[in-house]
Every structure is written in C-alpha cells, then in structure tokens.
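J.: Mapping the sequence shown onto numbering that gives the first Met the number 0, position 69 (from 1) lands on 68, and the numbers just tick up by one. Backbone N, C-alpha and C define an ideal beta-carbon position, used for all residues, glycine too. Because the structure is a prediction, the values reported are computed rather than measured.
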Amino acid sequence: MPRTKPKDELLQLANVGPATREDFRVLGINTVAELAKCDPDELYDRLCVTTGIRHDPCCRDVFAATIHQAKTGEATKWWEWSRSRASRAESKKTGR
Numbered sequence: 000m001p002r003t004k005p006k007d008e009l010l011q012l013a014n015v016g017p018a019t020r021e022d023f024r025v026l027g028i029n030t031v032a033e034l035a036k037c038d039p040d041e042l043y044d045r046l047c048v049t050t051g052i053r054h055d056p057c058c059r060d061v062f063a064a065t066i067h068q069a070k071t072g073e074a075t076k077w078w079e080w081s082r083s084r085a086s087r088a089e090s091k092k093t094g095r
C-alpha cells in the first residue's frame with residue numbers, strides 16, 4: 000500500500016498559502032512549534048534581508064496572525080494585525 004504524504008501543518012494554519020509557506024521555508028521554519036517561537040517584525044526583516052527584496056508590509060501582518068494562531072490556536076484575519084503595525088510605525092516616527 001502506498002504511503003500518503005503527511006499534511007504540512009503550516010499549510011493548515013489560516014492565512015498560510017503557498018507563498019507564505021515558501022517564505023517560512025526560506026526562513027527555515029518548518030513546524031508550528033518553530034513558528035510559535037518567532038517574532039513577526041524579526042521574521043519580516045529577516046525575509047527582506049534574505050531575499051534582497053522589501054516585501055509588502057502586509058506580509059508582516061500575515062506573520063503576526065500565523066504566529067498568534069501558532070501560540071494560541073485562535074485564527075484571526077491577517078488584516079486585523081495591520082492597525083497595530085501602522086500605529087507602532089507612527090509611534091516610531093513621532094517618538095511616542
């Protein structure tokens with residue numbers, strides 16, 4: 000009987016499709032447990048440096064949503080994380 004390929008647990012997370020899964024592969028993340036230990040800002044910065052491309056900041060929001068799900072089990076929409084990223088960026092600009 001042929002063996003079936005095990006399901007990729009990262010692809011089972013909300014907001015993870017082939018492109019995000021490839022980003023995780025490039026970053027050396029292969030399990031939900033590894034993802035749960037990550038910081039979305041650090042992952043985004045590392046992805047940009049590793050690929051030599053400035054990725055859309057929404058990529059960081061996808062990372063935040065998937066890390067949140069990896070840590071808590073709660074799936075959220077990636078765009079729910081955009082507001083907190085934008086307000087942190089504004090705070091950095093104004094020094095508050």
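When the Cα atoms are used, what is the spatial distance from Lys92 to Ser83?
T.: If you take the alpha carbons of Lys92 and Ser83, they lie about 14 angstroms apart.
J.: Could you name the residues of the same chain whose beta carbon sits closer than 7 angstroms to that of Asp60, not counting the 5 residues immediately before and after it, in chain order?
T.: Excluding residues within five positions, the ones whose Cβ falls inside 7 angstroms are Trp77, Trp78, Trp80, Ser81 and Arg84.
J.: What's the gap between the Cα of Ser90 and the Cα of Gln68?
T.: Going by the C-alpha atoms only, they are around 26 angstroms apart.
J.: Return the first residue and the last residue of the alpha helix (DSSP H) that His67 is part of.
T.: Cys57 to Thr71 is the extent of the alpha helix (DSSP H) around His67.
J.: Determine the closest residue to Thr50 out of Ile66, Gly27 and Arg87, with distance taken between C-alpha atoms.
T.: Taking only the C-alpha atoms, the option nearest Thr50 is Gly27.
J.: Only counting the same chain, and skipping five residues up and downstream in sequence, which positions put a Cβ closer than 6 angstroms to that of Val31?
T.: Cβ neighbours of Val31 beyond the five flanking positions: Glu8 and Ala69.
J.: Can you say whether Asp22 is buried or exposed, counting buried as having 16 or more other CB atoms within 10 angstroms of its CB?
T.: Looking at its Cβ environment, which holds 16 or more other Cβ atoms inside 10 Å, Asp22 is buried.
J.: So what's Ala32 in DSSP terms, helix, strand or just coil?
T.: Ala32: helix per DSSP, three-state reduction.
J.: What are the start and end residues of the alpha helix (DSSP H) that includes Ala18?
T.: Unbroken alpha helix (DSSP H) run through Ala18: Pro17 to Val25.
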